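Contents: one structure, followed by commentary.
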Amino acid sequence: MTWTAPRTAPTTIRTNEEIRARVALVCAGLSGDPVVGAAIRRLGGAAEMLDHAQSGTDVDAVGPFGPIASQAHGSRVDGVIATTDRLGLTLISPEHESWPRGLDALGDAAPLLLWVRGAETVLAEEAAAIVGPCHPSRETRQATLEFATSMADRGWVVASGVAPGVEELALRAATVMRGATIAIAPAGLGRHTVRRVTPSVTVSAEPPTAGRTARSTRRARLVLAAIATCMIVIEGIQYDNAPR
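244 is the number that full-length UniProt numbering gives the last residue of the sequence shown; the numbers go up by one with no jumps.
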């Protein structure tokens, strides 16, 4: 099955108070925090939560987030939005039509925003995630190729991380089959370097200039698992009698 990327024209990021509030919370390292997610849900939005925090009302509902409220109107948020626009990225929130509905399963621990490069409509399709070791054996590589090409041939979107080894190979194999692919990056898309494959869409829950951390890596894995309809874990395979 052949997948053809739709033509998309660069657009200027249109922001509102809700998006600015979410960017402020992400910059403060609170994306995916279940306490923050619960407050947003109870109060009807991130902007409403920060309004409550700034006014000092309903402290029990918003928690100790008052100092963050001012950041929603600060230069740091302006800088993130400007960089998002300059890099040609799309910024989507749970209200966006391309938001992966699988993330809803994370409840209050879902990321507050996603930065997207490429054909965001792919995020609405069924995806099979393929993950495995960074230094696969020959047999593991062969298994990766078989799974990735088979899933792409059947019309599945192949999703993975951006690590070398199985993840990179799965995306390359699906691309060769002209299938759609999703890559989940643990760093901001302004820092993420494309290796030997360009996915149909690359996604990050981190601001564009954010580096990779242990926390962002865990979050990327969580996002990958949530958006995938199924997960294929290819462990190290080695046959003692395999020819060398």
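Each residue gets a CB set at the ideal place from its N, CA and C atoms; glycine is no exception. Being a predicted model, the structure only gives us computed values, none of them experimental.
With contacts defined by Cβ atoms closer than 8 Å, Ala129 and Ala159 form a contacting pair. Residue burial annotation: Arg20 is buried, with at least 16 other C-beta atoms found within 10 angstroms of its C-beta. Three or more beta-carbon pairs separated by less than 8 Å are not found between the region 141-161 and the region 109-117, which leaves the two stretches without contact. Closest in C-alpha terms to Ala220, from the list Val26, Ala28, Thr181, Ala205, comes Ala205.
Cys230 has Ala128 as its beta-bridge partners, per DSSP. Taking the CA atoms as reference points, Glu235 sits about 26 Å from Ala105.
Note that the C-beta distance between Arg22 and Ala38 is not below 8 Å. In this structure Pro34 is exposed. Its beta-carbon is surrounded by fewer than 16 other beta-carbon atoms within 10 angstroms. For Arg215, the three-state secondary structure derived from DSSP is helix.
In terms of Cα proximity to Val223, the closest of Glu126, Gly161, Thr213 is Gly161.
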